[in-house]
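Engineer: Questions regarding the structure given below will be posed in turn.
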Amino acid sequence: MFRIGAFSKLTRVSVRMLRYYDNAGLLTPAVIDKFTGYRMYTTDQIPVLQKICLLRDMGFNVTEIGAVMECWESSGVTEYLEDKKRQLLDSIRLEQQRIRKIEIAMRDFKESTIETHYNVTIKSVPGCKILSLRKTVADYYCEGRLWEQLYAFVREEQIKLSPGTNNLAIYHNGGTTEDGVDIEVGVMVEREGADKGGFCYRETEPVEDMACIMVYGPYENIGLSYHAFACWMEEHRQYEIAGPSRQICHIGSWDESDSQKFLTEVQTPVRRILTLTP
């Protein structure tokens with residue numbers, strides 16, 4: 504057996520962390536001398552500690568490490584690893600988005616074009632048949648996962664999409680709720696089928712007055728369009744918002760590698776405010 508100091512040197516894990524793992528119930532000493540209080544460890548505990556360190560380096564917290572360790576010998580560990588992988592990919596996407604925003608801001612400051620102008624037009628938009636998936640997710644950056652699930656379902660079920668179909672994302676309840684962001688992603692289909700596992704066929708409502716903004720370039724430019732729409736609403740007080748906003752991707756990453764050539768249409772239903780004349 505090894506005292507905690509010797510075990511620390513042998514495993515290259517600090518005494519502080521060994522005490523921490525003990526308090527967390529992850530790795531308790533094999534024996535605690537009742538007279539001296541020395542914590543004693545055995546070589547059999549080294550593989551356990553190595554697993555703990557491996558999971559820690561993967562980004563698991565103490566609570567998660569305990570859960571993973573309990574099912575280490577079963578197939579359940581794969582589910583934990585897959586879930587952590589998804590979390591890390593979401594974090595990477597979030598950081599990449601932040602980096603791109605920094606790069607865009609640096610470019611705009613350099614070119615003195617930090618303020619971009621967008622035109623708002625009003626048009627009538629017909630309803631359309633869509634296959635959609637609606638979920639409340641942690642934030643807007645999780646929308647990509649919904650698209651992955653939707654297109655995987657389309658492939659599995661061999662669903663025929665409408666020719667020249669466009670992606671459609673609808674942000675219900677203003678998007679943000681207490682539990683996250685309420686997002687519905689959909690693709691236009693030729694005919695309706697049977698709903699299955701959260702995937703629903705439905706027809707969108709036609710909108711008589713839809714305020715539309717065409718956004719050219721990377722998806723990061725979309726945020727500026729909402730600011731432009733807010734300014735437009737300030738100048739056109741005869742209108743009020745009449746429904747959830749939506750985004751339609753006319754040109755996106757699936758058919759164009761140059762993000763400067765992306766084309767996204769941001770749509771918000773509006774209606775005229777009735778005023779009573781004396």
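Going by the numbering used here, the first residue of the sequence shown is number 504, and it counts up by one from there.
For every residue, glycine included, the Cβ atom is placed at its ideal position computed from N, Cα and C.
Model, not experiment: these values are computed from the prediction.
Less than 8 Å between the CB atoms is what I'm expecting for Gln661 and Met713, so what's the real figure, rounded?
Structural biologist: No, Gln661 and Met713 are not in contact; Cβ-Cβ is about 32 Å, not under 8 Å.
Engineer: Pull up the distance between the alpha-carbon of Ser762 and that of Tyr719, whole angstroms please.
Structural biologist: 9 Å
Engineer: Tell me the start and end of each unbroken beta strand (DSSP E) in the region 526-595 that is at least 3 residues and wholly inside, in chain order.
Structural biologist: 542-544
Engineer: In angstroms with no decimal places, state the Cα-to-Cα distance between Ser756 and Glu567.
Structural biologist: 35 Å
Engineer: Could you give the distance in angstroms between the alpha-carbon of Arg506 and the alpha-carbon of Glu585?
Structural biologist: 37 Å
Engineer: Quick one: Cα of Ile686 to Cα of Pro747, how far?
Structural biologist: 10 Å
Engineer: What are the boundary residues of the alpha helix (DSSP H) that includes Ser511?
Structural biologist: Ile507 to Thr514
Engineer: Going by C-alpha to C-alpha distance, which of Met572, Gly569 and Asp560 sits closest to Leu591?
Structural biologist: Asp560
Engineer: Taking the continuous alpha helix (DSSP H) assigned at Ser728, which residues delimit it?
Structural biologist: Ile725 to Glu738
Engineer: In three-state terms, what does DSSP make of Val690?
Structural biologist: Reduced to three states, the DSSP call for Val690 is strand.
Engineer: Grouping DSSP H, G and I as helix and E and B as strand, with all else coil, what is Ser748?
Structural biologist: strand
Engineer: Check each candidate in Tyr541, Glu576, Ile751 and Lys588 and name the one with the smallest Cα separation from Gly562.
Structural biologist: Lys588
Engineer: Would you check if the distance between the CB atom of Ile716 and the CB atom of Glu743 is smaller than 8 Å?
Structural biologist: no
Engineer: Counting Cβ pairs, one atom from each stretch, are 3 or more of them under 8 Å apart for the region 727-738 and the region 634-650?
Structural biologist: No, because fewer than three Cβ pairs between the region 727-738 and the region 634-650 fall closer than 8 Å, the two stretches do not touch.
Engineer: Kindly indicate the opening and closing residues of the beta strand (DSSP E) around Val769.
Structural biologist: Boundaries of the beta strand (DSSP E) harbouring Val769: Leu766 to Arg775, taken from the DSSP string.
Engineer: What separation, rounded to the nearest whole angstrom, lies between the Cα atoms of Lys632 and Glu695?
Structural biologist: The alpha-carbon of Lys632 is positioned some 7 Å away from that of Glu695.
Engineer: May I ask whether a heavy atom of the ligand NAP can be found less than 7 Å away from the beta carbon of Asn622?
Structural biologist: Within the structure as shown, the ligand NAP is missing, as the structure has no ligands at all.
Engineer: In chain order, what residues of the same chain lie with their CB nearer than 6 Å to the CB of Arg610, ignoring the 5 residues before and after it?
Structural biologist: none
Engineer: Between which residues of its own chain and Arg596 is the CB-CB distance below 8 Å, once the five residues before and five after are set aside?
Structural biologist: Tyr644 and Gly647
Engineer: Which residue from Arg774, Leu529, Asn724 and Pro709 puts its Cα closest to that of Pro629?
Structural biologist: Pro709
Engineer: Please state whether DSSP places Cys645 in a helix, a strand or coil.
Structural biologist: helix
Engineer: Alpha carbons only, please: which of Ile607, Thr707 and Ala731 is nearest the one belonging to Val692?
Structural biologist: Thr707
Engineer: Which word fits Pro550, buried or exposed, when buried means at least 16 other C-beta atoms lie within 10 angstroms of its C-beta?
Structural biologist: exposed
Engineer: Given this structure, state the Cα-to-Cα distance separating Ser635 from Val657, to the nearest angstrom.
Structural biologist: 10 Å
Engineer: Nearest-angstrom Cα distance between Leu671 and Val688?
Structural biologist: 6 Å
Engineer: From Leu529 to Thr539, what distance separates their C-alpha atoms?
Structural biologist: 23 Å
Engineer: Within 10 Å of its beta-carbon, does Ile535 have 16 or more other beta-carbons around it, so buried, or fewer, so exposed?
Structural biologist: Around the Cβ of Ile535, a 10 Å sphere holds fewer than 16 other Cβ atoms; the residue is exposed.
Engineer: Quick one, which of Arg774, Pro772, His753 and Val773 has its alpha-carbon nearest Lys764's?
Structural biologist: His753
Engineer: Only counting the same chain, and skipping five residues up and downstream in sequence, which positions put a Cβ closer than 7 Å to that of Lys626?
Structural biologist: Met713 and Cys715
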